[in-house]
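There are 2 protein chains.
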Amino acid sequence: MTKQQLIDQIKLKKSFLCIGLDVDLEKIPKHLLQEEDPIFAFNKAIIDATHHLTVAYKPNTAFYECYGIKGWRALEKTINYLNLNYPNIFTIADAKRGDIGNTSTRYAKAFFEDLDFDSVTVAPYMGSDSVEPFLAFKNKFTILLALTSNRGGLDFQGMKVANLKVYEQVLKTALTWKNATNLMFVIGATKAAYFKNIRKIVPNHFLLVPGIGAQGGSLTAVCKYGLTDEVGLLINSSREIIYASNGSDFAKKAMESTLKLQLEMAKIISQKFR
Amino acid sequence: MTKQQLIDQIKLKKSFLCIGLDVDLEKIPKHLLQEEDPIFAFNKAIIDATHHLTVAYKPNTAFYECYGIKGWRALEKTINYLNLNYPNIFTIADAKRGDIGNTSTRYAKAFFEDLDFDSVTVAPYMGSDSVEPFLAFKNKFTILLALTSNRGGLDFQGMKVANLKVYEQVLKTALTWKNATNLMFVIGATKAAYFKNIRKIVPNHFLLVPGIGAQGGSLTAVCKYGLTDEVGLLINSSREIIYASNGSDFAKKAMESTLKLQLEMAKIISQKFR
Chain G
4 MTKQQLIDQI KLKKSFLCIG LDVDLEKIPK HLLQEEDPIF AFNKAIIDAT
54 HHLTVAYKPN TAFYECYGIK GWRALEKTIN YLNLNYPNIF TIADAKRGDI
104 GNTSTRYAKA FFEDLDFDSV TVAPYMGSDS VEPFLAFKNK FTILLALTSN
154 RGGLDFQGMK VANLKVYEQV LKTALTWKNA TNLMFVIGAT KAAYFKNIRK
204 IVPNHFLLVP GIGAQGGSLT AVCKYGLTDE VGLLINSSRE IIYASNGSDF
254 AKKAMESTLK LQLEMAKIIS QKFR
Chain D
4 MTKQQLIDQI KLKKSFLCIG LDVDLEKIPK HLLQEEDPIF AFNKAIIDAT
54 HHLTVAYKPN TAFYECYGIK GWRALEKTIN YLNLNYPNIF TIADAKRGDI
104 GNTSTRYAKA FFEDLDFDSV TVAPYMGSDS VEPFLAFKNK FTILLALTSN
154 RGGLDFQGMK VANLKVYEQV LKTALTWKNA TNLMFVIGAT KAAYFKNIRK
204 IVPNHFLLVP GIGAQGGSLT AVCKYGLTDE VGLLINSSRE IIYASNGSDF
254 AKKAMESTLK LQLEMAKIIS QKFR
């Protein structure tokens, strides 16, 4: 998928929502546990019920790897189902990978070729040659961790280097890498006040924003400084949507939670692009 | 495996070698491609030929993930084979994972419980709550990236924060985390001159050292400042050993390359602990 196709989808659906498919067998409706592949059955139902209101889905690989081969198969089935049935959806493998050059190429092949995701999240700690192998893939996006929304996020990201914070140096340096147009960045919503400054460093790149809702971030606050002329934001929500109910009505309740967020986004988009 | 058991093995075998099982189907002997599981067949032959000369094996997960479910199954078979047949071997999942708290717990379960590795490599960028879930596992070790041996390693790790470099801050901060005794650190051998200073910050923790040989690091230089009274070093070698030959004699040649390194190590250990 190209960046323009993503922007077109956002404007068409009036949504810049990403749904996190972080499936926990202890939280999904009990009746699904009788299915041959409960994780995939859950994802399929969520996707079928919400695909018209969201532009992206983001399975976090940890939630699949912890179930071993069964989990990896459920991940494979989920991405294949999305690619086959909803080709206009932007797909994100939230894998937070990164290794030395030739090894990062293997991870890139795993997620961009074998599984055929549109994008993957990558950790910056190992520097340029750990990220550039991902950036080399055409029409695939590398979503680099910059400022994360977790409690320890600022432990290292917030340290001061010269006049900038570490995460600002990451943003600035990444822009100098080969094929930097294929970058997006993870910026946690719980730090909404930071967005003004972040947009000075990366005025045009898409930002993937977790932390709205459960983690305390506000959609309005993020949009105030984060929105660009090309929208430039993907807001992730996971638990509030996929676990809106754990009864037999889970897909319907997930749709209703999604709709609530989509209506907020439609309002924001209508105001911005009227 | 406990730290003491690892030290005992090192002294018994007079070796602090770790063999990297980074299997590339394009580099292994052609005759193995006819096997049902060529990756596992290759690993099994390498392990059977070298286990008496090494204390650890380290599969890098990227080399397995890029083959999808087949690759994940080969990884599972490899770790099961090691745990069943060579329980005194220290096993490292070189996965470079790390995510927000509850998600890191899933990765920890994937590698410590489902696959039952003794240790896993973890990236520090997301801070305390992304690493502590790994540290919570008893008799399991979390090998934190500090200073890596790749070209871009210093891009961020080398930035100056107050009077320290970022990687020094990572070492220093990590020591304050809960269960920090379960930490080890990745320190690239190509930066041997740094070891003196690193040992001032982490005098007792084990360091996993890649970059000897192909990447230019010297064993003697690393040992000069890296060795502790408990040895404290695991030196990794991958390509020089596992691809010593791509003919039918590959396992024998791998053993010979391993023996060469082990003899160097035996000399160093004998001098240190006479």
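Quick mapping for you: the protein sequence lines, in order, are chains G and D.
Everything in the first sequence is counted per this note's numbering, starting at 4 for the first residue and increasing by one.
Everything in the second sequence is counted per this note's numbering, starting at 4 for the first residue and increasing by one.
Note that CB positions come from ideal geometry on N, CA and C, so glycine has one too.
Only a predicted model underlies this, so the values are computations on that prediction, with no experimental measurement involved.
Residue state for Thr179(G) is assigned as coil, using DSSP reduced to three classes. Leu264(G): member of the alpha helix (DSSP H) spanning Phe253 to Lys275, first to last residue.
No Cβ of chain G is located within less than 9 Å of the beta carbon of Tyr228(D).
Shown in chain order are the members of the stretch 110 to 124 of chain G whose Cβ falls below 7 Å from a Cβ of chain D: Tyr110, Lys112, Ala113 and Asp117. In this structure, Val212(D) is the residue among Val212(D), Asn239(D) and Ile92(D) with its C-alpha nearest to the C-alpha of Tyr228(D). Ranked by Cα distance from Phe93(D), the first of Asn200(D), Asp117(D) and Leu85(D) is Leu85(D).
Per the C-alpha coordinates, the member of Thr124(D), Phe120(D) and His55(D) positioned closest to Asn142(D) is Phe120(D).
By the neighbour-count definition (other C-beta atoms within 10 Å, threshold 16), His54(D) is a buried residue. Here His34(D) is exposed, its C-beta having fewer than 16 other C-beta atoms within 10 Å. Assignment of Lys16(D) by DSSP, reduced to helix, strand and coil, places it in the helix class. For a cut-off of 8 Å, the C-beta gap from Ile146(D) to Ser122(D) is around 5 Å, short enough to register as a contact. For Asp97(D), the enclosing beta strand (DSSP E) stretches over residues Phe93 to Arg100. Between Ile103(D) and chain G, the shortest Cβ-Cβ separation is below 9 Å.
Contact of Ile204(G) with chain D is not assigned, every C-beta pair being separated by 9 Å or more. The stretch 149 to 160 of chain D and the stretch 191 to 204 of chain D touch, with three or more beta-carbon pairs separated by less than 8 Å. A straight-line Cα-Cα distance of about 56 Å links Asp51(D) and Val225(G). For Tyr70(G), there is no enclosing beta strand (DSSP E), as DSSP marks it with neither H nor E. Counting C-beta atoms within 10 angstroms of its own C-beta, Ala165(D) has fewer than 16 neighbours from the protein chains shown and is therefore classed as exposed.
Asn46(D) and Ala183(D) have their C-alpha atoms roughly 32 Å apart. In the DSSP assignment, Met187(G) forms a beta bridge with Ile146(G).
Considered as a whole, the stretch 15 to 57 of chain D harbours 20 to 23 as its complete beta strand (DSSP E) runs of no fewer than 3 residues, in chain order. Leaving aside the five residues that flank Lys30(D) on each side, the residues in its chain whose CB is nearer than 6 Å to its CB run, in chain order, Tyr246. Residues of the stretch 152 to 165 of chain D whose Cβ lies closer than 8 Å to any Cβ of chain G, in chain order: Ser152, Asn153, Arg154, Gly155, Gly156, Leu157, Asp158, Phe159, Gln160, Met162, Lys163, Val164 and Ala165. Counting only runs of 3 or more residues that sit fully inside the stretch 80 to 141 of chain D, the beta strand (DSSP E) segments are 93 to 100 and 122 to 125, in chain order. Measuring C-alpha to C-alpha distances from Met187(G) to each of Gly156(G), Leu118(G) and Leu210(G) identifies Leu210(G) as the nearest. Every unbroken stretch of the beta strand (DSSP E) spanning 3 or more residues and falling wholly within the stretch 185 to 248 of chain G is given here in chain order: 186 to 190, 210 to 212 and 236 to 240.
Contact note: Ser240(G) does not reach chain D at a C-beta cutoff of 7 Å; the least C-beta distance is about 15 Å. Taking all protein chains shown into account, Glu135(G) has 16 or more neighbouring C-beta atoms within 10 Å of its C-beta and is therefore buried. Taking a beta-carbon distance threshold of 9 Å, Leu148(G) counts as an interface residue toward chain D. Within the same chain, and ignoring the five residues on either side of Ser131(G) in sequence, the residues whose Cβ sits closer than 7 Å to its Cβ are Trp180. When CB distances to chain D are screened at a threshold of 7 Å, the residues of the stretch 51 to 81 of chain G falling below it are Asn63, Ala65, Phe66, Glu68, Cys69, Gly71, Ile72, Trp75, Arg76 and Glu79, in chain order. Between Ala113(G) and Glu68(D), the gap from beta carbon to beta carbon is short of 9 Å.
For Ala59(G), the enclosing beta strand (DSSP E) covers residues Ala59 to Lys61. When DSSP reads this structure, Val169(G) sits in no beta bridge, so it has no partner. 9 Å or more divides the Cβ of Gly71(G) from the Cβ of Met129(D).
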